[in-house]
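Worksheet: the structure to be examined is printed underneath.
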Amino acid sequence: MSATGVWTGVRDLTRDRPTVLEENAPADVRCRPLSDPELAATVVVGVLVGLLGLIGLVTSFATVAAAAAPAFGRLAWLVPVGVDVGILVFSALDLVLARLDMRVVWLRLVPWSLTAATIYLNVAEQSTVFGQVAHAVLPGMWVVAIEVGTHAIRVRAGLASARRMDSIRRSRWLLAPVSTLGLWRRMVLWEITAYPDALHRERARLLALTELKDRYGHLHIAGRTARFPAAWRWNAPRRERALYRLGEHIPHHDQAEPAPALAPPMPTTPRPIPRPKATTKTGSRSRRSTVVPDVVDLVPAAEAAAERIAARGEDLTRKALAAQLRADGHQVGNAKLGTLLEHLRNRITTDSSSGDETLRETSE
1 MSATGVWTGV
11 RDLTRDRPTV
21 LEENAPADVR
31 CRPLSDPELA
41 ATVVVGVLVG
51 LLGLIGLVTS
61 FATVAAAAAP
71 AFGRLAWLVP
81 VGVDVGILVF
91 SALDLVLARL
101 DMRVVWLRLV
111 PWSLTAATIY
121 LNVAEQSTVF
131 GQVAHAVLPG
141 MWVVAIEVGT
151 HAIRVRAGLA
161 SARRMDSIRR
171 SRWLLAPVST
181 LGLWRRMVLW
191 EITAYPDALH
201 RERARLLALT
211 ELKDRYGHLH
221 IAGRTARFPA
231 AWRWNAPRRE
241 RALYRLGEHI
251 PHHDQAEPAP
261 ALAPPMPTTP
271 RPIPRPKATT
281 KTGSRSRRST
291 VVPDVVDLVP
301 AAEAAAERIA
311 ARGEDLTRKA
321 LAAQLRADGH
331 QVGNAKLGTL
341 LEHLRNRITT
351 DSSSGDETLR
361 ETSE
């Protein structure tokens, strides 16, 4: 909120750019780069999971091939291979389509159906409970290994973040059921899939609500002002209420302060004034500077120009003085020309007065 009372903590809805709230949101630590020890541990665990899956695949292959021999004969080995490889292929296909943003929702049902089929084929020929459990667990390890690998790839590649929504802790449901229900509702309505991001936005919403109550939560009755926090719902401008409901709000302390404009650097030393060059021996004048001299420096030149004008029998006027000074090679502006002309006329008047007094004293 600015000093003028205008609510400025909102995002420009006409531009596709992140708000301060989105920029300050906590990063997803699940997709951070792995350190060397973590990478080594991940490789070891991956190898072990692969071995368990291979054991389950071999066991399932032998059991299903033996059960399919009466129906398929020499091609019975294709039944377990087709089912187990189909689980892997359709899981990988789901990842590829998700990466291309062409995901088919029902495609996830195919690996699950093949999983149920391979478990059924393993336990169908078993007559004891031990045999059924053992033949269900061993192929189940292969299926679990594929599902775990698929989930890891999906999260690391960022394919799960846009669809899968994080769950809220049960302890939060127990301690604050009402506020947790509102948090879950906003996650669903506004497609907030990350739980830390939802908590960050909830904190910002509460702070923005507090600011709205502090600013607009008052009633004016009979010339007196009474505090009523719920009054912001009709005292606040409609735009601010709409932005609050849309979640496009930023608390005052989270707003980025604009960087102060830098003033242009001031010159530290004055530039030297070039002097006009002296005349050469041949009498030709050199190129003069464009800097206009001061009035004091022009007084001798003006007096000489006035003498030349008087020698020609002309009156001392502004036009005559300017023409004579330009002919002598001096550049004089109108303001300085007027000062010089006034100085010359005062001097002529003074000289005339002095001459009259001298004549009067002589006659006496």
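Counting from 1, one number per residue, gives the positions in the sequence shown under full-length UniProt numbering. Ideal Cβ positions, reconstructed from N, Cα and C, are used throughout, including at glycine.
Under 8 angstroms between C-beta atoms of residue i and residue j
{"i": "L321", "j": "A302", "result": "yes"}
{"i": "L337", "j": "A306", "result": "no"}
{"i": "S91", "j": "P111", "result": "yes"}
{"i": "N122", "j": "V85", "result": "no"}
{"i": "A117", "j": "V144", "result": "no"}
{"i": "P247", "j": "W232", "result": "Per the sequence shown, the amino acid found at residue 247 is Gly instead of Pro. Contact flag unset, no."}
{"i": "V79", "j": "A68", "result": "yes"}
{"i": "E240", "j": "L199", "result": "no"}
{"i": "I192", "j": "R201", "result": "yes"}
{"i": "I87", "j": "T115", "result": "yes"}
Residue i, enclosing alpha helix (DSSP H) - first and last residue
{"i": "A226", "result": "Element bounds for A226: not the alpha helix (DSSP H) but the beta strand (DSSP E), 224 to 227."}
{"i": "I119", "result": "109 to 123"}
{"i": "I146", "result": "129 to 156"}
{"i": "H200", "result": "195 to 216"}
{"i": "M102", "result": "Where M102 is concerned, there is no enclosing alpha helix (DSSP H), given that its DSSP letter is neither H nor E."}
{"i": "A231", "result": "Per DSSP, A231 belongs to no alpha helix (DSSP H) and is neither H nor E."}
{"i": "L175", "result": "170 to 175"}
{"i": "D36", "result": "36 to 72"}
{"i": "R241", "result": "238 to 246"}
{"i": "Q331", "result": "Looking at the DSSP string, Q331 is not in any alpha helix (DSSP H), and its letter there is neither H nor E."}
6 angstroms Cβ shell around residue i - same chain, five flanking residues per side excluded
{"i": "G56", "result": "L138, P139, M141, W142"}
{"i": "I348", "result": "none"}
Candidates the options, of which the one nearest residue i by Cα
{"i": "G46", "options": "E248, L97, I153", "result": "I153"}
{"i": "T59", "options": "H135, V104, L51", "result": "H135"}
{"i": "A311", "options": "K319, V299, S35, Q324", "result": "Q324"}
{"i": "A327", "options": "A335, R308, E125", "result": "R308"}
{"i": "L219", "options": "L207, A236, P70, R203", "result": "A236"}
{"i": "R215", "options": "P177, A204, D101, A230", "result": "A230"}
{"i": "P243", "options": "L209, A222, H151", "result": "First, the residue type needs correcting, since residue 243 is Leu and not Pro in the sequence shown. Among L209, A222, H151, the Cα nearest to that of L243 belongs to L209."}
{"i": "T150", "options": "P37, F130, R99, A176", "result": "R99"}
{"i": "L34", "options": "R156, A71, R224", "result": "R156"}
{"i": "E125", "options": "L175, E147, A66", "result": "A66"}
{"i": "N334", "options": "I221, R318, I348", "result": "R318"}
{"i": "R245", "options": "G182, P37, E147, W106", "result": "G182"}
Contacts around residue i, its chain only, beta-carbon distance under 8 angstroms, and the 5 residues preceding and following it disregarded
{"i": "V104", "result": "D94, L97"}
{"i": "N346", "result": "none"}
{"i": "L298", "result": "L325, H330, V332, K336, L340"}
{"i": "R108", "result": "D94"}
{"i": "F72", "result": "L78, V79"}
Own chain residues within Cβ distance below 7 angstroms of residue i, not counting five before or after
{"i": "G50", "result": "A145"}
{"i": "L52", "result": "M141, A145"}
{"i": "T180", "result": "I168, R172, W173"}
{"i": "A76", "result": "A65, A68, A69"}
Open item on the list: For the stretch 164 to 175 against the stretch 185 to 197, do three or more pairs of beta-carbon atoms, one drawn from each stretch, fall closer than 8 angstroms, so that the two count as touching?
Closed with: yes
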